[in-house]
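Encoded as structure tokens, the structure appears first; notes follow it.
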Amino acid sequence: MANSFPILTRFAGFVVLPLMIVGAGSWYDMRRSLPKANIQLNAAGRGPVQIVRDDHGVPFVSATRDEDVYFAMGYVHAQDRMWQLEYQRRMVQGRLSEVMGGKALYQDAWMRTLGIHRSARSAWDGLSEPAKRSLTAYADGINAWLSEKHPLPIEFRLLDVEPEPWTPIDSLGWSKVFALNLAGNLDNEIAKYVARRILSPEQTRSFFSGDDGAPSLASTPAADRARVASLAGLGHLQRRLERELKIGGQYAGSNAWAVSGKLTRDGTAILANDPHLGLLMPSVWYPVVQQGKRLRASGMTLVGLPVVIFGQNRNIAWGGTSLMADVQDLCFERIDDQGSRYLAGGTWEKIETTVEHIPVASDFPSALHKAVNPVRMEVRRTRNGPMISDVNGNIGQPVSLRWTALAEGDRSYETFYQLSYAEDWSSFRATFRDYVAPALNMLYADKSGNIGRLVVGHIPVRQSGDGSLPVPGWDEVYAWKGVIPFDDLPILFNPEQGYIVSANDKSVDDDYAYFISDDWAPPERAARIESLLRAALARSGRISPDDSKSIQADVVSLSARKLLPVLTPMKAKDDRQQQALDLLRAWDGTMDKESVAASIFNGWRRSLGSELFATAVPEDISRAGQTAYLTEVLNGAPIDVLYRALTDPGETWCFRNAQARSRRCETILSSTLDTALDELEKLTDSDPDSWKWGSIHKTTYKHQPFGQVKGLSSIFGRKVASGGGQDTVAVSAYAFDASDGYLGTLGSGFRQIIQLGRGSSSHVYMNSTGQSANVFSRHYADMVAPFERAEYYTLNPSVSTEKLDR
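Residue numbers for the sequence shown follow the numbering used here, beginning at 1 and rising by one.
See below:
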């Protein structure tokens, strides 16, 4: 990735490194950009606000008016995360190219085509006045900090960027990106459609669920090729966005569970939560305690928003996981010969077109290079949504995107605002009545010991099909006819078993009246959490917060346990294979960072999947881009797909008979085990004692944008040896690099465990990186190692505010 952004790379060589050599003076100046620990704000028109930080840099904000708390939230986010705010604002607006040059154009084009900022503007008018005032106060707080002319974080100086004033629309735009993070069906539709054109029907069904019936499309070979080419191009774009912007991903989701007071020692309910998103330096999450006139909230805020997203108030606690709902549909469009109209039902409608001009930074050094003219692009929209295929140059079949989060007047922020004031189950549920996106499982606990779960968000009701394949956008048969009524969404309150577990697994019974999804996460993660809760009950008859800490740190893979009996019966061909098989036969599936067997298993699983699936993709020079995309998809197959391929008699990926020698399962198992062992020796050495999982598997926190730049990535980013895997409770979705090994790029962004009681409550947490985004701060990365060790800090609302720095 060193050359992904040449402007930044050259900047590192010509400016940053010399700066570091002569940086003694700069060090003092940069240290001045760090905030004072404790202050009192007295902004014009606002009452006094006290901000007191604990030993980990977490602020405790108190004021006599709630609006002033939200003002202070903007101020402390600016103190600690100003570059993060600036980067996020530019991402939402599609203006990264102004800083990063032409290599970021595709990112800007994608955001502008989706219309994230436009959609955010439409959301403003639907909000209540108190919700609007909270966003306005937050923006005022950020801008108040900027107006005080503090030294800016070093990113601004290195990239010669001046921050612009923050607006409430910037906050609403970032809430849309949060929804985009958890809306993964787009990639599934693309992959399934491309697979159907390249693989056999039996092979396609191995990977993709949902309706097998393709929508009726009058077609010619040329038209079909155009559709596949357009979709494969979009698929490549999606994968790139996942890697570089850390948006979405196959394993984006979360864990959460709630335990009723009847199962705890003192009758208090417990709620545990750890969302899984792309890992960044710093984390997108920011813990805080807020105290105002009515407001008493603590927990995790998203940088860019003033309210606690997941946390507690005086009466209730709440957490969430991705529902994995199918809330996106791809629509093929039929355009007239002039390219100005599209077919909608039986009539031709005018395409809505806007022209965007994207400023692009010139190459470095700018004095030696010509200025780059802004790039002109047309953004086209139909009744179905933005025509996203235009991002790849308007070549091939036009494709639009229906997505619930782009609906006009989305009031989802209203819900997050109101949650801090909910008092019980009834008012908690009522806050979600107008909620749109992202679709979530929301878990609940209260001080009376009650627990519950809501399925929330707009989930489309389709007239035909299940949304697993692109549809003809002109055909009314495939239109949406509304969303699942709020009162019909699944609900669970105080179940008899006394606990609720959500891990992106199937949330509804088979007889549920509406279709939600066919892309649920495999059930093993949820099953492991439930088994550990039951084990705690069996040991002591009660479940404690310490039990939840152990569960959040658990690295046992039930999928590995399931697959091992299929792999290990093979006969070793030499001593090296025998030693590896002996280690695997004695292994219980625990992906601890000290485990050698975990390294062998993950390497074998990866090479086996590649050999079984990717080599089945036929070579075709005329479709090289499509086959390359499909190969990448198949290489990421989860363990349950691999298990079926090796055990289901109906699968045809390999055979257990002598007549099919070239695809014999036994032969492939042996050769791919050798491949995995060769790989381990290259990454470490020939001594198996050096093959520990933590030595080749590292959780990776990348800075934006310096994580892409050789020479800066190690200064601004962090790596830590870690355990876990793609389906363990302590999840680590990794990418393989031939020189660096297994790089965990998606996992828990924070962990928190809340125990609510009538007299007192306990709230422990851990953020994945540190509270500050300033590389000169001691809180920049002080939580990275403790997070890996599953250590917790206390979020304590009683911190003293007596000694304030004036």
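Even glycine gets a Cβ: it sits at the ideal position worked out from N, Cα and C.
Query raised in the report: CB-CB under 6 Å to residue 782, same chain, minus the five flanking residues each way: which ones, in chain order?
Result: 770
**Report entry** Helix, strand or coil at residue 323 according to DSSP, with G and I counted as helix
**Finding:** coil
Query raised in the report: When DSSP labels each residue in this structure, what does residue 668 get in the three-state scheme?
Result: helix
Requested in this report: Could you pull the start and end residues of the alpha helix (DSSP H) that residue 221 belongs to?
Outcome: 221-245
Requested in this report: Taking only beta-carbon positions, decide if residue 105 is within less than 7 Å of chain C.
Outcome: The structure shown contains no chain C; it holds only a single protein chain.
Report task. Return the chain-ordered list of same chain residues with a C-beta closer than 7 Å to the C-beta of residue 549, the five sequence neighbours on each side being excluded. Result -> 753, 790 and 792
Query raised in the report: Nearest CA to the CA of residue 177: which residue from 87, 370, 236 and 767?
Result: 87
**Report entry** Cβ neighbours of residue 23 in the same chain (closer than 6 Å, five flanking residues each side left out)
**Finding:** At residue 23 the pLDDT is 49, less than 50, meaning the model places this residue with poor confidence; the figure from the coordinates comes in the next sentence. Result list for residue 23: empty, nothing under 6 Å.
**Report entry** C-alpha gap between residue 108 and residue 359, whole angstroms
**Finding:** 10 Å
Requested in this report: Alpha carbon to alpha carbon, how far is residue 768 from residue 747? Give it in angstroms, no decimals.
Outcome: 9 Å
Query raised in the report: By how many angstroms is the C-alpha of residue 470 removed from the C-alpha of residue 330?
Result: 5 Å
Query - Of the residues 252, 225, 217 and 193, the one placed nearest residue 210, counting alpha carbons only - result: 193
**Report entry** Length of the line joining the Cα atoms of residue 795 and residue 133
**Finding:** 27 Å
Requested in this report: Can you give me the Cβ contacts of residue 343 inside the same chain, cut-off strictly under 6 Å, excluding the 5 residues immediately before and after it?
Outcome: 334 and 474
Query raised in the report: Roughly how many angstroms lie between the CA atoms of residue 807 and residue 54, to the nearest whole one?
Result: Any property of residue 807 remains undetermined from this structure, which presents the chain solely from 1 to 806.
Query raised in the report: In terms of alpha-carbon separation, which member of 411, 384, 80 and 167 lies closest to residue 398?
Result: 384
Query raised in the report: Sorted by chain position, which residues of the same chain lie with C-beta nearer than 6 Å to residue 188's C-beta, five sequence neighbours on each side aside?
Result: 519
Query raised in the report: Are residue 181 and residue 247 closer than 7 Å when you measure CB to CB?
Result: yes
**Report entry** Alpha-carbon spacing of residue 688 relative to residue 579, whole angstroms
**Finding:** 9 Å
**Report entry** Anticipated Cβ contact below 8 Å, residue 459 with residue 308, distance rounded
**Finding:** That pair is no contact at about 25 Å.
Query raised in the report: CA-CA distance, residue 403 and residue 482?
Result: 12 Å
Query - Three-state secondary structure assigned by DSSP to residue 22 - result: The predicted position of residue 22 is uncertain, since its pLDDT is 41 and thus under 50; no value can be drawn from it.
Report task. Pull up the DSSP beta-bridge partners for residue 38, would you. Result -> 52
Query raised in the report: Which class does residue 273 belong to by DSSP, given the choice of helix, strand or coil?
Result: strand
Query raised in the report: Is residue 715 helix, strand or coil when you go by DSSP?
Result: helix
Query - Nearest residue (CA-CA) to residue 91, options 111, 341, 573 and 446 - result: 111
Requested in this report: Quick one: using the 10 Å Cβ neighbour count with 16 as the cut-off for buried, is residue 42 buried or exposed?
Outcome: exposed
Query raised in the report: Where residue 612 and residue 439 are concerned, what is the direct C-alpha to C-alpha distance, given to the nearest angstrom?
Result: 35 Å
Query raised in the report: For the beta strand (DSSP E) that contains residue 255, what are its first and last residues?
Result: 253-259
Query raised in the report: From what residue to what residue does the beta strand (DSSP E) around residue 356 run?
Result: 352-358
Query raised in the report: Between residue 643 and the rest of its own chain, which residues show a CB-CB distance below 7 Å, the 5 nearest in sequence each way excluded?
Result: 562, 563 and 566
Query raised in the report: Closest by CA to residue 224, which one among 600, 278, 156 and 197?
Result: 197
Report task. Take residue 787 and list the residues in its own chain whose beta-carbon comes closer than 6 Å to its own, dropping the five residues that flank it on each side. Result -> 766 and 768
Report task. Ignoring anything shorter than 4 residues or poking outside the region 153-226, list the alpha helix (DSSP H) runs there in chain order. Result -> 154-158, 168-181, 185-198 and 201-207
Query raised in the report: DSSP three-state call for residue 130: helix, strand or coil?
Result: helix
Query raised in the report: So, helix, strand or coil for residue 486, using DSSP?
Result: helix
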